[in-house]
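A.B. asks: Take this structure first; my questions come after.
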Amino acid sequence: MNVVTVVLALLSACANAAASVLQRRAAVEWADRAPEPTGSRVRRVGGRWAGLLRRPFWIAGAAALVLSAVFQAGALAFGRLSVVQPLLASELLFTLVVGSVVFHRRPEPRTWLSFLALAVGLALFLLAVSPSGGQETGEATGWLPVSALLAATVSALLLVARTLHGAARAAVLGCATAVCFSCTAALVKEVTGRVGDGFVAVFANGYLYAAAAVGLLSFLLLQSTLGAGTLAASQPALTLGDALVSVGLGWALFGERIPLGLNLLTGAFGAFLVAVGTAFLAQSLPGSGSFDAAVGPKRRRAHKRPAGPGGTAG
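First residue of the sequence shown: 639, per the working numbering; consecutive thereafter.
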């Protein structure tokens, strides 16, 4: 496993965790201070974006997201898709650390056990299911059916999300966002694999523009996901979904071979530990209900409007 790939992927995970926490805090602050929504849906959405864009935490989160994309592109240029994206599951670990600082909350002792389970599970999964072979770019004949399947999957998830509320809606939107992030990563790998052919070759095909379009869609879906519910509901779907879909895309598009046999059993056990660690860790993530509650009420008291002419608060 390439050391440069691992370092760049971990830096990307750390930056992405910072983005999630910072933007979640911005969403909490905006929801706490914003007036009751009125007007059409377009006006409400526009008001939400206008409010978020004025939040320093949201701007810092957006900058961290850009930095994460740069690190991820570098990792994909040096390594395999099915190695880089599973490494990004370590984002949950960084989310706990970064969020504890941003939300001023100290993790409970049981949280460290979940932390350990996720870390050990991720290590076992990567060591057992470490891919081999593969090529730098995929074939157009492979991209067409895979793209159609991914588009249908995201569309179905978005339709389901419209019928849900709260944590369930955040989890389904997290799955849709994870699929888009995986597709973006695959497209970025395709683009970086063509850099050796010259910049003309990079700009002459549609992969670069598709990566930009799907990346923008991923970013917008992430905002909806963060606004739909807590990090505890959305983050597991984001991290695990991204890892699993990317392993499949590495095999389907780039011919990355996954070892079977006993390695598969070890990898399955590692995935089980990741799932268990994620499930318990998500309950302690900064931005979950307890963290949001710690931030919200204090600000509601601090920003309560003064009493009106009739002697009651506005």
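Don't be surprised by glycine CBs; every beta carbon is placed ideally from N, CA and C.
Quick caveat: nothing in here was measured; it's all calculated off a predicted structure.
Counting Cβ pairs, one atom from each stretch, are 3 or more of them under 8 Å apart for the segment 844-853 and the segment 810-823?
C.D. replies: Flag = yes, the segment 844-853 and the segment 810-823 touch.
A.B. asks: Quick test of the definition: if touching needs 3 or more C-beta pairs under 8 Å, does the segment 692-703 touch the segment 644-655?
C.D. replies: Because the criterion of three Cβ pairs below 8 Å is met, the segment 692-703 and the segment 644-655 touch.
A.B. asks: In angstroms, rounded to a whole number, what distance separates the CA positions of G776 and L891?
C.D. replies: Cα to Cα, the separation comes out at about 5 Å.
A.B. asks: Taking the Cβ atom as the reference point for each residue, do D880 and F837 lie within a distance shorter than 8 Å?
C.D. replies: Result no, Cβ atoms of D880 and F837 do not sit closer than 8 Å.
A.B. asks: Helix or strand or just coil, what does DSSP make of E777?
C.D. replies: Here E777 sits in coil by DSSP.
A.B. asks: Is the CB-CB distance between F716 and V642 below 8 Å?
C.D. replies: Their beta carbons are under 8 Å apart, which means F716 touches V642 by this criterion.
A.B. asks: Please report the straight-line C-alpha distance between A766 and V735, rounded to a whole angstrom.
C.D. replies: For A766 and V735, the distance between alpha carbons rounds to 27 Å.
A.B. asks: Output the distance between the C-alpha atoms of S738 and L726, rounded to the nearest integer angstrom.
C.D. replies: Spanning the two alpha carbons is a distance of roughly 19 Å.
A.B. asks: Can you give the Cα-Cα distance for G831 and A711, rounded to whole angstroms?
C.D. replies: Going from the Cα of G831 to the Cα of A711 covers about 11 Å.
A.B. asks: For R895, count neighbouring Cβ atoms within 10 angstroms of its own Cβ and tell me buried if that reaches 16, exposed if not.
C.D. replies: It is exposed - the Cβ of R895 has fewer than 16 other Cβ atoms within 10 Å.
A.B. asks: What does a CB cutoff of less than 8 Å around A761 pick up in its chain, not counting 5 residues either side in sequence?
C.D. replies: Cβ within range, chain order: G908.
A.B. asks: Helix, strand or coil, according to DSSP, for E746 in the structure here?
C.D. replies: Correct three-state label for E746: coil.
A.B. asks: Considering only residues of the same chain and omitting the five flanking positions on each side of V840, which have a CB-CB separation below 7 Å?
C.D. replies: The answer, listed in chain order, is V829, R832, V833, L846.
A.B. asks: What does the alpha-carbon distance come out to for the pair G865 and T791?
C.D. replies: Computed Cα separation, rounded: 22 Å.
A.B. asks: Is G836 helix, strand or coil when you go by DSSP?
C.D. replies: Coil.
A.B. asks: I'd like to know whether the C-beta atoms of T877 and L730 end up nearer to each other than 8 Å.
C.D. replies: Taking 8 Å as the Cβ cut-off, T877 and L730 qualify as a contacting pair.
A.B. asks: Just tell me which of L802, S872, R663, R718 has its CA closest to the CA of F695.
C.D. replies: It is R663.
A.B. asks: Using a Cβ-Cβ cutoff of less than 7 Å, which residues in the same chain neighbour L796 once the five nearest sequence positions on both sides are dropped?
C.D. replies: Hits under 7 Å: A814.
A.B. asks: Would you report the Cα separation of S658 and N843, rounded to the nearest angstrom?
C.D. replies: Their Cα atoms are separated by approximately 32 Å.
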